[in-house]
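Notes for the one structure printed next.
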Amino acid sequence: MAILQLALKSLWNRKLTFFITLFSIAISVTLLLGVQTLKNETKTSFMKSISGTDLIIGARGASSQLLLSSVFHIGNTVNTIKYDTYLTMNESPAVEWAVPISLGDSHKGYTVMATALNFFEHFSYANQQQLTTQQGKIIDDMFAVVIGADVAKKLNYKIGQRIVMTHGGGEIGGHDHDNIPYFVSAILAPSFTAIDQTLIISLEAMEAMHTDNHGHFGALPNEQTISSEAEHEGHEGHKAHEDKHESHEGHQSHDSHDDHKAHQDTHESHEEHQSHASHDDHKAHEDTHESHEGHQAHDSHDDHKAHEDTHESHEGHLAHASHDGHDDHKAHEDTHKSHEGHQSHDNHDDHKAHDKHQGHEHHDDHEAHEGHQAHDDHQDTAEQRVARLFKLKPQNINAVFVGLTSPQAVLGMQNYVNNFQDEPLTAIIPALALQALWQFFSVAEVALNIVTVFVVLVGLLGMLSIILMSLNERRREMAILRSVGAHPGHIFSLIIGEAAAVCFSGIVVGVMLLYVLLFVLQAPLAQHFGFYLDINMLSSNDLLILAVIQLCALTIAIIPGLLIYKTSLSDGMSIKF
Amino acid sequence: MIKINDLCFSWKNTPVINIDRLHIPVGQHLFIEGPSGSGKSTLLNLLAGVLAPQQGEISVLGQPLSELSGSQKDSFRADNIGFIFQQFNLIPYLSVIDNITLPCSFSKKRKTNALLRANGGDLKSEAIRLLNALGLDDNALFQRSVNELSVGQQQRVAAARAMLGSPEIIIADEPTSALDSEHRQAFIKTLFEECQKENITLIFVSHDKSLKHHFDHCINLQEINNVNTKESV
Ligand SMILES: Nc1ncnc2c1ncn2[C@@H]1O[C@H](COP(=O)(O)OP(=O)(O)OP(=O)(O)O)[C@@H](O)[C@H]1O
Ligand SMILES: [Mg+2]
Chain A
1 MAILQLALKS LWNRKLTFFI TLFSIAISVT LLLGVQTLKN ETKTSFMKSI
51 SGTDLIIGAR GASSQLLLSS VFHIGNTVNT IKYDTYLTMN ESPAVEWAVP
101 ISLGDSHKGY TVMATALNFF EHFSYANQQQ LTTQQGKIID DMFAVVIGAD
151 VAKKLNYKIG QRIVMTHGGG EIGGHDHDNI PYFVSAILAP SFTAIDQTLI
201 ISLEAMEAMH TDNHGHFGAL PNEQTISSEA EHEGHEGHKA HEDKHESHEG
251 HQSHDSHDDH KAHQDTHESH EEHQSHASHD DHKAHEDTHE SHEGHQAHDS
301 HDDHKAHEDT HESHEGHLAH ASHDGHDDHK AHEDTHKSHE GHQSHDNHDD
351 HKAHDKHQGH EHHDDHEAHE GHQAHDDHQD TAEQRVARLF KLKPQNINAV
401 FVGLTSPQAV LGMQNYVNNF QDEPLTAIIP ALALQALWQF FSVAEVALNI
451 VTVFVVLVGL LGMLSIILMS LNERRREMAI LRSVGAHPGH IFSLIIGEAA
501 AVCFSGIVVG VMLLYVLLFV LQAPLAQHFG FYLDINMLSS NDLLILAVIQ
551 LCALTIAIIP GLLIYKTSLS DGMSIKF
Chain B
578 MIKINDLCFS WKNTPVINID RLHIPVGQHL FIEGPSGSGK STLLNLLAGV
628 LAPQQGEISV LGQPLSELSG SQKDSFRADN IGFIFQQFNL IPYLSVIDNI
678 TLPCSFSKKR KTNALLRANG GDLKSEAIRL LNALGLDDNA LFQRSVNELS
728 VGQQQRVAAA RAMLGSPEII IADEPTSALD SEHRQAFIKT LFEECQKENI
778 TLIFVSHDKS LKHHFDHCIN LQEINNVNTK ESV
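Chains as they are written, first to last, in the working numbering: chain A, 1 to 577; chain B, 578 to 810.
Have a look at this one:
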């Protein structure tokens, strides 16, 4: 009977301690390899956060800060650069494309990123992969918002849903830009980058929210925001009208729409209402409406033959009833619908010259709008209409993603940007900056390595102590083996062989456990943490680690091996207890 | 043939054995008695080559043990000597048959001898033959774990192991002390029969003077040992 067979039978005789030792080694191996895998995967996914972008330009400062804010949307984004700088960069002959990025708003804790439409064309991650949509379409609409996969999933947002942004990082007290709601136009497929947790809006919309009056532009000249206390009496007796007023009980009233052919708006106030917009004949082509309280609205009406009307807006957008005088308007075919607590939707069939949209009653409580998600046509608020007209370009942005015409131009361009005359700038090369930033984590990496090495060491020491403890009870076994002719070397190799067997099976079980864990955790990690775990074969580095562990086990087993070698020499065959 | 001349052995500077001369001819059944601590077990370890004497010469079957290296002594022992201890002779995780055939893992000579004796059978059939000869004929017993055997049964399994493959010498260190007197007599009887059949030299250590009369030769270790161990007891 081979000594190996003896060793295995002896080991099997001590199943319990054998399996305990085996599992302690297995778990430590799983932990060690698991940490290695996580480390590598984290690094890979970290490095994959952006690709295809040659330079990121931002305000002068630490490159890591610029990288963190622009790519990972981490940290504050106080430092801005001028929008004009972006325009200048865009014109540079070395620049193939440039995408402006503006941050600072949030939506329920998720970052809101404002950018231009060409972001989707140029931004890529991993191996030059572009962002793709899983639902909806990326459309060129100022108030369209494209949301990341995680955002859609966590907040359960659907295409067409209306949402509002919060100024700042979503902390308590952050101002809600609730007068400018957005509608979800597209949901992106998961990219496992920060984009998954981001809402992407247009720069113009972002700017509209950030004007001094927070986008409370007021209503267009021929529109009023509507009071919930509004009464409809004023509409009675408008015989000439062919309006269909569908008013529901306890509802707001409607905007009235003028005959714009005459380019005149006549707004008459109804006495019953507290606040009015009164619109006189636009013969003078300029009306100045005094504001009642609060906001002012600046509307420009294209079809008013370039005449500008300035209308007052109505206090707080609440409790206003604005009833236009319909009397003067002939040939109206307006359909006024107002719904309880909701915006009203008007179809202005004969507003041919108007590119304006129907008026909405603006409510602070946007949840009330949900009933109207089904509307395919986005219904703008008055502020949005104004904002659309203004087409505000931002003053400041946070970063510019730049693609260059040739890779050779990177250093030259970086140099040019860093020495830019008009304002202090920093240009970073994403790949290098990612590398540099990863170095920050290297301390944690080393600490993690040390911990896992000690875990393995503890596993091996456990094995040592269990072998040492078994020696005493195995002295009889050794004496019997000696009496039938076993060499002390046989006894020694019995111990070493046992350690080797325990450690090897521990490693095998540990590796199996690792893969089981990886397969089990892959889906939940991607789902809940946006962390995609790539399952690979063991790397040569892993195999080296395992070989070292096995070697350590053999080395450690020399201690009990030598001990029993010595006792079997001196005790001889006498069996003592 | 075992020859001991001017043998001196000490455990860590404490002399235990000092024997001028002891010759044991082939086939002799030798009974060694002596009080506890007189060095009987030590002497057997010396004869088996497990311990090496500080002084003097031991030659077994014409082979001076001092000329052999450590592992050669182990192989020599595996080939030529069968051992029976007082108790706990068996390896608990091996079956009865595996325990008996254990010496064949370490000695080709004993394996060949055992197969010769088996008349074309395998080691297992030879082991069963020996067990039967020692009065263990219940085949169901062989499947059991050795821990489930009675002490008397265990001792007979140990004897079967010592006899398998016909070693030249069988050394028994108080093999009967755990047995009751009835089993003791039966055990000695079968052991003697087997040894006689194979012309095996038997060296038997025991406190039990009642067994003395079975042996053709008898020595008291205290008498031939120059070290006075009485004081240390
Ligand atoms: N491994 C050892 N290390 C040190 N001294 C030992 C060792 N083994 C035995 N001795 C000493 O050698 C002497 C003889 O011991 P040994 O075991 O040979 O006695 P014994 O005659 O077999 O006794 P018993 O009849 O009780 O078995 C004793 O005094 C004992 O203390
Ligand atoms: Mg003894």
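Built from N, CA and C at the ideal position, the CB exists for glycine as well.
Spanning the alpha carbons of A:H528 and A:D196 requires a straight line of approximately 12 Å. Counting along the chain, A:K153 sits inside the alpha helix (DSSP H) bounded by residues 149–155.
Among the CB atoms of chain B, none fall inside 9 Å of the CB of A:W438. Under the three-state reduction of DSSP output, A:T111 falls in the strand class. Separation of the CB atoms of A:S51 and A:A399 is rounded to 16 Å, and the pair is thereby denied contact status at 8 Å. With respect to A:M47, A:A431 sits close: the two C-beta atoms are nearer than 9 Å. Just so you know, the alpha carbons of B:L708 and A:V453 end up roughly 54 Å apart. In this chain, the alpha helix (DSSP H) harbouring B:I677 covers 673–683. Not a single C-beta of chain B is nearer than 9 Å to the C-beta of A:L494.
A residue is called buried once 16 or more other Cβ atoms fall within 10 Å of its Cβ, and A:M537, having fewer, is exposed.
Within chain A, no residue has its beta carbon less than 7 Å from that of B:F781; the closest one is some 16 Å off.
Checking the 8 Å criterion, the Cβ of B:E610 is out of range of every heavy atom belonging to ligand 2.
DSSP, read as helix, strand or coil, puts B:R694 in helix. A:V184 and A:A144 have their alpha carbons spaced roughly 6 Å apart.
Approximately 6 Å separates the beta-carbon atoms of A:T198 and A:Y110; this is inside 8 Å, confirming the contact.
Among the residues facing chain B, A:V502 is not included, as its CB has no counterpart in that chain under 9 Å away. Neighbours of A:S483 in chain B, taken as residues whose beta carbon is under 7 Å from its own, are F660 in chain order. In the three-state scheme derived from DSSP, where H, G and I count as helix and E and B as strand, B:L713 is classed as coil.
Looking at the backbone, the Cα of A:Q384 and that of A:Q161 are separated by about 16 Å. From the beta-carbon of A:N13, the residues of chain B found nearer than 7 Å are P669, Y670.
Assigned with DSSP and collapsed to three states, A:D178 falls in strand.
Short note on B:L599: C-beta not closer than 8 Å to any heavy atom of ligand 1. Listed along chain A are V484, G485, each with a C-beta nearer than 7 Å to that of B:A655.
Contact of B:V673 with chain A by beta-carbon distance below 8 Å is absent, the smallest such distance being about 14 Å. The beta carbon of A:M209 is closer than 8 Å to those of D105, M165, H167, H177, I180, G215 in its chain, skipping five residues each way along the sequence.
Secondary structure at B:E644: helix, using DSSP grouped into helix, strand and coil. Going by C-alpha positions, A:A59 is about 39 Å away from A:I535. Closest in alpha carbon position to A:L457, among A:L11, A:A94, A:V548, A:D84, is A:V548. Ligand 1 has a heavy atom closer than 8 Å to the beta-carbon of B:V782. Excluding sequence positions up to five before and after B:Q632, its CB lies within less than 6 Å of the CB of C585, all in the same chain and listed in chain order. By the criterion of a C-beta distance shorter than 7 Å, A:P394 is surrounded in its chain by Y83, S102, L203, M206, E207, once the five residues flanking it on both sides are discounted. Per DSSP, the unbroken beta strand (DSSP E) holding B:L607 starts and ends at 606–610.
Per DSSP, the continuous beta strand (DSSP E) segment holding B:P592 begins and ends at 591–601. By the C-beta criterion, the stretch 744–751 of chain B is judged to be in contact with the stretch 655–663 of chain B, since at least 3 inter-stretch pairs fall below 8 Å. Look at B:S618: its beta carbon is less than 8 Å from one of the heavy atoms in ligand 2.
Look at the stretch 119–145 of chain A and you find these whole runs of alpha helix (DSSP H), each 4 residues long or longer: 119–122.
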